[in-house]
Structure formats: C-alpha cells, structure tokens
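For the sequence shown, the numbering used here gives the first residue as 4, with consecutive numbering after it.
The beta-carbon is built from N, C-alpha and C at its ideal position, and this holds for glycine as well.
Quick caveat: nothing in here was measured; it's all calculated off a predicted structure.
Notes to accompany the following structure.
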Amino acid sequence: MHYFSYKGGELHAEDVPFSTLAKAYGTPLYVYSRRTLTRHIRAYKEAFDGVPNIICFALKANSNGAIIKLLASEGAGADIVSGGELFRALRAGVPAKKIVYAGVGKTEEEIAFALRKKILMFNVESGEELAKINQVAGTLGVKAPIALRVNPDINPKTHPYITTGMKKYKFGIPIEDALESYRRASKMENIEVVGVHKHIGSQLTETGPFEDALKKVLALIDALRQSGMELKYLDMGGGLGIRYSEEDNPPEPKELAARLLPLLGKSNRDLTVVIEPGRSIVGNAGVLVTKCLYVKKTPKKKFLIVDAGMNDLIRPSLYGAWHEILPVRKSRRAREKADVVGPICESGDFLARGRELPAINQGEYLAVMSAGAYGFSMGSSYNSRPRPAEVLVDGAKHTLIRRRETYADLVKGEL
Ligand code: LLP
Numbered sequence: 004m005h006y007f008s009y010k011g012g013e014l015h016a017e018d019v020p021f022s023t024l025a026k027a028y029g030t031p032l033y034v035y036s037r038r039t040l041t042r043h044i045r046a047y048k049e050a051f052d053g054v055p056n057i058i059c060f061a062l063k064a065n066s067n068g069a070i071i072k073l074l075a076s077e078g079a080g081a082d083i084v085s086g087g088e089l090f091r092a093l094r095a096g097v098p099a100k101k102i103v104y105a106g107v108g109k110t111e112e113e114i115a116f117a118l119r120k121k122i123l124m125f126n127v128e129s130g131e132e133l134a135k136i137n138q139v140a141g142t143l144g145v146k147a148p149i150a151l152r153v154n155p156d157i158n159p160k161t162h163p164y165i166t167t168g169m170k171k172y173k174f175g176i177p178i179e180d181a182l183e184s185y186r187r188a189s190k191m192e193n194i195e196v197v198g199v200h201k202h203i204g205s206q207l208t209e210t211g212p213f214e215d216a217l218k219k220v221l222a223l224i225d226a227l228r229q230s231g232m233e234l235k236y237l238d239m240g241g242g243l244g245i246r247y248s249e250e251d252n253p254p255e256p257k258e259l260a261a262r263l264l265p266l267l268g269k270s271n272r273d274l275t276v277v278i279e280p281g282r283s284i285v286g287n288a289g290v291l292v293t294k295c296l297y298v299k300k301t302p303k304k305k306f307l308i309v310d311a312g313m314n315d316l317i318r319p320s321l322y323g324a325w326h327e328i329l330p331v332r333k334s335r336r337a338r339e340k341a342d343v344v345g346p347i348c349e350s351g352d353f354l355a356r357g358r359e360l361p362a363i364n365q366g367e368y369l370a371v372m373s374a375g376a377y378g379f380s381m382g383s384s385y386n387s388r389p390r391p392a393e394v395l396v397d398g399a400k401h402t403l404i405r406r407r408e409t410y411a412d413l414v415k416g417e418l
C-alpha cells in the first residue's frame, strides 16, 4: 500500500507531480511519502496492540534522519547493527531504552558506546561476543542487558543472501546450544539476561516460517523458565516482505500478528514483544526517479540509459531483485522490451532487464518503485557519482531531507 498514483496522466507522490520534484531537485532523486510511512508504522502499532510491544525500525533499511525522526515521533524505537546507526538513532531522537543492537561483529568501541548510552539490549550472536560485552561492561562498571540471538534453523524461503536463520549462515547461536549459553550468561558478573532474539531473514512472503521459528523460541523460553530464568523481552526480528510485483502477496502486519500472538499463550503474557521491521515500513514508501539520458538500439537489444545506476540502487544487480518501473507520464505508445541501465562501467549495472515498457524518449522520467528500503542506504559513490538527493512529500508539500552530494563531498576526508 502506498500513496504514489497517476492523476491526470502523471505519476504523483501524494499530491505532487513527479516532474515538479525532478525539476526542483534534479535526478536521480529519492522521493518518500510521509503518509505512506505513517500508515505503515501505525499498521504495526495496531497489529501488536494486544501485547506490550516496542516496534524497533530497522535502520539499515533507510537511515535518513528525517525518516527516523518521523517514525520515532510515532513511537518507534530502533534496531541497529553498528555504532553509526546508534549515532543516527540517538541524533534523530529515538530513546535509548527503545534501541536493540544486533550484528555478528560488534567492536569493543561500539559495545562501549552502546553501554554508555544505556540501550535496551544487545542481541548477542556468539559466546565470544558475550564474553567481550561482559568484559567491556566490567571496565565501565555497568551491567549489560542482553538477549541471545538464537538461530532456529528455519528456512524462510527467500533469497540466500538475506536468509539468516539457518544453520549454514553466520547469524545467532544454534538453538540447541542456547540453554547452555544462557546458563553461562546468567553467571557472568556484568551481564543481565533480559531477553531472547531471532531474525530468520528478509522479504518473507508467508507466515509459516515466522510461526515455526517462534514455536522453537517459545520452547526455549519454557525451558529457561524451568531452570529459573525469566525473560522480559521476546524479540521476533523483522523480515516481513512487501509487494514488489503483482506476484508477491505478503501478509499485512495484522495477519502476521494474528498468527503469532496466539502462540504466546498465557504464560508469556508479561513478555514485551519487540519487532524489527525495516522493509515493510519504508520499502513501498520510496521511489527512485531517474531521467532517460539516451535510447540506444543495437541489433540485439534496446537499452534505456538512465541517470541512476547500481550505485544508487544496487538491489537488481546484487539480488536479481525486480522493481516495477513506471513512466512518470502515462503513455499509450507501443510497448517494447528494453534493458533499463545506468551509466556505471559494468554490465552488471542495470535496474531492469528485458522490461516491457511503453517507448520512452530521451529526457523523459521513469519512477523505480518500492525503492525506499535498502535503496539509498546501500548506495555508494562508485564511479565517483555524487549520491542523489532525498525528498519527503507530505500532501502538496515537499521538503529536501538530504541534499544531493557535490564533487567536493566526494573528496571530503581525503588527505
Ligand atoms: N532485524 C535484523 C536483525 C536484521 O538483520 C534485519 C535485516 C531486519 C531486522 C530488518 O529486516 P526487514 O524487515 O527489512 O526485512 N539488503 C537486503 C535486505 C537485507 C536485510 C538484512 N537484515 C535487500 O535489499 O533485500
């Protein structure tokens, strides 16, 4: 669900025509819809309303300060995976007590930073990390609140690069070792065991794997309780998928909650449920607008060469992801297949291949849909291309939330 639609033959972001935005801010340009963001975060709040909960937006999906601030104003916390994300979350006004910190490679400096800021909990991914957190907390004279991230070995049926909860991947502590790890953790001087965490993967389009993983985690919680360990937080991770194409039919947050919450049963009513959605909040709330620079026909193919490349949106190149591409001006021209490619000097630089689109001419704008998550945040300045600007639309109003990078930005920091 989103608020991007054609009105009078032109694609609009809420009430603003895309051509207005492209002319005002240039292209490539990331455009976000405030109404869509608000709707998505509220959908989660309503879905999990029946239990104590904290909705921690996964900053890795989109870490623009204005977006984090907007979500924080709706009550969201943050799921972070680095010191940089902690810095961004705090700067945007997320209360430390709503911040959870995962990631397999937390450094000593990052651990100390998070301890000093008194975050809600560390989601610990290994025995060595646990020992390191205990040691750093001791040096600072504090107790570190932790959850163990368990790996339940469930196949989430998504792309292998974004699958995490299976044995063969680097994430979490194997669930069969978890009881022993909890025992060790509970004996550590500077550790306070407060929760359990799992996150099995991203872009999940069925509820089954979420349910199977949760059942395993609930069995672990029972076993912990039997050995005298009471937890406060059950962090279910993120991962709910979005609709990239008509073929995707992911559940809504309320369907997911309706499947998961009854599994908690009576004994877990006091647990605070933490969830970490990223893509399902911001994915369909953002669009990448690009201009067609050249139409190139070769004996084999037609290429639409546009001014956005894999440095601006790497998902098609990296995961073979399919993003809908719409002409900003609705067109009745004959449809033809084309590769939509960027200016980067690699054949892997494409936004779409063999895509059927109405004939597009030089200078016309295209909208790459569902680019709000893992779009800008995975962008780079590869080929020394300044990163695009980002704009937030609210009804008929539009606000620049990150200016386009300049050539000077490219070399800033070089000595
Ligand atoms: N929690 C943890 C611990 C995670 O690792 C992730 C995503 C999330 C929450 C949020 O998952 P979401 O709700 O966004 O699915 N760059 C890839 C996606 C990587 C996801 C990594 N972890 C892509 O563009 O598809």
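{"Check": "Could you pull out every residue in the same chain whose Cβ sits closer than 8 Å to the Cβ of D215, ignoring the five residues on either side in sequence?", "Outcome": "P155, I157"}
{"Check": "Mind checking which residues open and close the beta strand (DSSP E) that includes V2?", "Outcome": "In the structure displayed, the chain extends from 4 to 418; residue 2 sits before or after that span and is not available."}
{"Check": "Between P98, V277, H162, A134, which lies nearest to R187 when the distance is taken from Cα to Cα?", "Outcome": "A134"}
{"Check": "How far does the alpha helix (DSSP H) with I114 in it extend, from its first residue to its last?", "Outcome": "111 to 120"}
{"Check": "Using beta-carbon positions only, say whether V107 and S129 come within less than 8 Å of one another.", "Outcome": "yes"}
{"Check": "Decide if V276 is buried, meaning its Cβ has at least 16 other Cβ atoms within 10 Å, or exposed.", "Outcome": "buried"}
{"Check": "Could you name the residues of the same chain whose beta carbon sits closer than 8 Å to that of G53, not counting the 5 residues immediately before and after it, in chain order?", "Outcome": "A260, L264"}
{"Check": "Is the beta carbon of G68 sitting closer than 8 Å to the one on A392?", "Outcome": "no"}
{"Check": "Can we say the region 308 to 325 touches the region 276 to 288, given the rule of at least three CB pairs closer than 8 Å?", "Outcome": "no"}
{"Check": "What did DSSP end up calling K304 once you bin it into helix, strand or coil?", "Outcome": "coil"}
{"Check": "Measuring only the C-alpha atoms, how far is D310 from F7?", "Outcome": "21 Å"}
{"Check": "Could you pull out every residue in the same chain whose Cβ sits closer than 6 Å to the Cβ of G312, ignoring the five residues on either side in sequence?", "Outcome": "G345, P346, I347, D352"}
{"Check": "Please name the residue or residues paired with S36 in a DSSP beta bridge.", "Outcome": "V396"}
{"Check": "What separation, rounded to the nearest whole angstrom, lies between the Cα atoms of K201 and E113?", "Outcome": "21 Å"}
{"Check": "Where DSSP assigns a beta bridge to T402, which residues make up the other side?", "Outcome": "L395"}
{"Check": "Under three-state DSSP, which class holds M124?", "Outcome": "strand"}
{"Check": "Identify which residue in H5, K26, K48 has its Cα closest to the Cα of Y258.", "Outcome": "According to the sequence provided, residue 258 is Glu. The question's Tyr does not apply to it. Ranking the options by Cα distance to E258, first place goes to K48."}
{"Check": "Do V331 and L360 count as a contact pair if the criterion is CB distance below 8 Å?", "Outcome": "no"}
{"Check": "Identify, in the order they occur along the chain, each residue of the same chain with its Cβ nearer than 8 Å to the Cβ of I203, setting aside the five sequence neighbours on each side.", "Outcome": "P155, I157, P159, T166, T167, G168, M169, P212, F213, A216, G240, G242"}
{"Check": "DSSP state of I102, grouped into three classes?", "Outcome": "strand"}
{"Check": "How many angstroms separate the CA atom of R228 from the CA atom of K269?", "Outcome": "14 Å"}
{"Check": "For the ligand LLP, I want to know if H326 counts as a neighbour, meaning its beta carbon is within less than 7 Å of at least one of the ligand's heavy atoms.", "Outcome": "no"}
{"Check": "Alpha carbon to alpha carbon, what distance is there between A75 and K400?", "Outcome": "21 Å"}
{"Check": "Please state whether the Cβ-Cβ distance between L118 and V145 is less than 8 Å.", "Outcome": "yes"}
{"Check": "Starting from the N-terminal side, write out each stretch of the alpha helix (DSSP H) that is 4 residues or longer and does not extend beyond the region 143 to 199.", "Outcome": "181 to 190"}
{"Check": "Assuming F90 is part of the beta strand (DSSP E), what are its boundary residues?", "Outcome": "That residue, F90, is in no beta strand (DSSP E); its alpha helix (DSSP H) goes 86 to 94."}
{"Check": "If we require 4 or more residues per run, which alpha helix (DSSP H) segments fall completely within the region 326 to 359?", "Outcome": "none"}
{"Check": "Does DSSP classify G29 as helix, strand or coil?", "Outcome": "coil"}
{"Check": "Would a C-beta distance cut-off of 8 Å place Y322 and Y164 closer than the cut-off?", "Outcome": "yes"}
{"Check": "Does any heavy atom of the ligand LLP sit closer than 7 Å to the C-beta of D82?", "Outcome": "yes"}
{"Check": "Assuming R358 contacts I404 under a Cβ cut-off of 8 Å, what Cβ separation, rounded to an integer in Å, is found between them?", "Outcome": "With 8 Å as the limit, R358 and I404 do not qualify as a contact, their Cβ atoms being about 29 Å apart."}
{"Check": "For M372, would you say it is in contact with chain B, using Cβ-to-Cβ distances shorter than 8 Å as the test?", "Outcome": "Here there is only one protein chain, and chain B is not present."}
{"Check": "I'd like the span of the alpha helix (DSSP H) that includes K257, first residue to last.", "Outcome": "256 to 267"}
{"Check": "Taking 7 Å as the cut-off, is the CB of L243 close to at least one heavy atom of the ligand LLP?", "Outcome": "yes"}
{"Check": "DSSP three-state call for Y6: helix, strand or coil?", "Outcome": "coil"}
{"Check": "Confirm the yes/no value for this check: CB of Y35, any heavy atom of the ligand MG, distance under 7 Å.", "Outcome": "Among the ligands present in this structure, namely the ligand LLP, the ligand MG is not found."}
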